[in-house]
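Inspection log for the structure reproduced underneath, given as structure tokens.
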Amino acid sequence: MSTKDIHTGSFPGKVARVALFTIFVLIAFTFQASACHVGDKVWNDLNLNGIQDDGEPGIEGVEVKLFRHYNNGTVSYIESTTTDEDGKYNFSVRYRKCYHLQFELPEGYAFTSQDQGTHDYLDSDVNITTGETKKFKIWRARFYKKWDAGMYELASVGNFVWKDVNNNGVQDQGEPGTEGVTVELYDCTGEFVASTNTDSTGFYEFTGLLPGSYYMKFILPDGYVFAPYGQGGDPASDSDAGDGGVTPCFDLSAGEYNEIIDAGLFTHNEEIPEFPTIALPMAAILGLAFVFQRRKE
Ligand SMILES: [Ca+2]
Ligand SMILES: [Ca+2]
Ligand SMILES: [Ca+2]
Ligand SMILES: [Ca+2]
7 MSTKDIHTGS
17 FPGKVARVAL
27 FTIFVLIAFT
37 FQASACHVGD
47 KVWNDLNLNG
57 IQDDGEPGIE
67 GVEVKLFRHY
77 NNGTVSYIES
87 TTTDEDGKYN
97 FSVRYRKCYH
107 LQFELPEGYA
117 FTSQDQGTHD
127 YLDSDVNITT
137 GETKKFKIWR
147 ARFYKKWDAG
157 MYELASVGNF
167 VWKDVNNNGV
177 QDQGEPGTEG
187 VTVELYDCTG
197 EFVASTNTDS
207 TGFYEFTGLL
217 PGSYYMKFIL
227 PDGYVFAPYG
237 QGGDPASDSD
247 AGDGGVTPCF
257 DLSAGEYNEI
267 IDAGLFTHNE
277 EIPEFPTIAL
287 PMAAILGLAF
297 VFQRRKE
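Numbered by our numbering, the letters in the sequence shown go through residues 7 to 303 in order.
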């Protein structure tokens, strides 16, 4: 077949044109298929506004799953990957197919608000409960970089209820923790959030909290009074239980662990030995004295 054949419309020429066209289509299709990617970032939304702001870092090691949607309505898991040290990830996907993504929350994190602001390359695209994006179709050979997930760290607070033996309102060396004291957590609108009890060392904590404003209520055990509030000048070793065992409101920021909300308890009972402790030895001494007195007589 000569060049002349291709240009003359002869049978060999037609075959050559079809072959060239087929090769062109295959190359184009292969290019389209290989050039389709989705991504690209999981980030720490430090100010909780749902937008990737300057200085907000990526989160490494987050698992991202790719699911494909078929024409018959079925959905299949395809593969997963994890974000790199910059929080980046990407998947190769197929031209003109439909997908969605699911992001796994690392422990101690929550998803930030979805679809905030006006820039789809800077917002978070995941449902805050399921971690899933909506379904999308790959229309062109390109890298779709707008599929992002914003997360923020949850907060914690605690952590000590102690026996304030000298009733000075300060955690002094040797003063033990108090077990089994109920501690209630409220947000500052007065809504109950959670309740827990101190362990055998007087330790307690609330974890997995949304950043916000809270207060605590310590429930006074029988036989105790609360130690003086706010004494000694060091918030880490003072008592925060005010009237009725209620603390002032305090703020918890994303990722914060506030461990200085404590309650001192004082009891008079420890200064006055229980009746059997004092009465039995006294009875024994008086009894011996009586016996010796009788012998002398
Ligand atoms: Ca932000
Ligand atoms: Ca986005
Ligand atoms: Ca003390
Ligand atoms: Ca304190």
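C-beta atoms are modelled at their ideal positions from N, C-alpha and C, and glycine is treated no differently.
{"Check": "Pull up the CB-CB distance for residue 101 and residue 74, whole angstroms please, since I reckon it's below 8 Å.", "Outcome": "Going by Cβ atoms, the distance from residue 101 to residue 74 rounds to 13 Å, so no, they are not a contact pair."}
{"Check": "What does a CB cutoff of less than 7 Å around residue 185 pick up in its chain, not counting 5 residues either side in sequence?", "Outcome": "204, 205, 206 and 208"}
{"Check": "Tell me residue 158's beta-bridge partners as DSSP assigns them.", "Outcome": "116"}
{"Check": "Using the Cα positions of residue 95 and residue 167, report the straight-line distance between them to the nearest angstrom.", "Outcome": "46 Å"}
{"Check": "Enumerate in chain order the residues of its own chain whose CB-to-CB distance from residue 93 is below 6 Å, with the five nearest sequence positions on each side excluded.", "Outcome": "47, 48, 49, 64 and 65"}
{"Check": "Please classify residue 25 as buried or exposed, where buried requires at least 16 other C-beta atoms within 10 Å of its C-beta.", "Outcome": "exposed"}
{"Check": "Is residue 258 near residue 163, with beta carbons less than 8 Å apart?", "Outcome": "yes"}
{"Check": "Between the C-alpha atoms of residue 198 and residue 255, what's the straight-line distance to the nearest angstrom?", "Outcome": "13 Å"}
{"Check": "Closer than 7 Å between the C-beta and any heavy atom of ligand 2: which residues qualify, listed along the chain?", "Outcome": "126, 127, 128, 129, 130, 131, 152, 153 and 154"}
{"Check": "Keeping to the same chain, check which residues put their C-beta closer than 7 Å to that of residue 266; ignore five residues upstream and five downstream.", "Outcome": "241 and 242"}
{"Check": "So residue 113 and residue 69 are in contact, right, with Cβ under 8 Å, and what is the actual spacing, rounded?", "Outcome": "With 8 Å as the limit, residue 113 and residue 69 do not qualify as a contact, their Cβ atoms being about 12 Å apart."}
{"Check": "Among 149, 132, 150 and 155, which has the Cα closest to the Cα of residue 89?", "Outcome": "155"}
{"Check": "Looking at C-alpha atoms only, which residue of 97, 235 and 264 is the closest neighbour of residue 173?", "Outcome": "235"}
{"Check": "DSSP has residue 74 in a bridge; who is on the other side?", "Outcome": "82 and 105"}
{"Check": "According to the Cβ coordinates, are residue 175 and residue 229 closer than 8 Å?", "Outcome": "no"}
{"Check": "Report all residues for which the CB-ligand distance to some heavy atom of ligand 4 is below 7 Å; order them along the chain.", "Outcome": "241, 242, 243, 244, 245, 246, 266, 267 and 268"}
{"Check": "Do residue 269 and residue 3 count as a contact pair if the criterion is CB distance below 8 Å?", "Outcome": "Lying outside 7 to 303, the shown extent of the chain, residue 3 is not represented and no answer is given."}
{"Check": "Taking only heavy atoms of ligand 1 into account, decide whether any of them is closer than 7 Å to the Cβ of residue 121.", "Outcome": "no"}
{"Check": "Would you decide whether residue 91 is buried or exposed? Buried here means 16 or more other CB atoms lie within 10 Å of its CB.", "Outcome": "exposed"}
{"Check": "Would you kindly report the start and end of the unbroken beta strand (DSSP E) that includes residue 192?", "Outcome": "188-193"}
{"Check": "Skipping 5 residues on each side, what residues in its chain have a beta carbon closer than 6 Å to that of residue 20?", "Outcome": "none"}
{"Check": "Could you check the C-alpha separation between residue 187 and residue 233 for me, to the nearest Å?", "Outcome": "15 Å"}
{"Check": "As a quick exercise: from 273, 251 and 139, pick the residue whose alpha carbon is nearest that of residue 45.", "Outcome": "139"}
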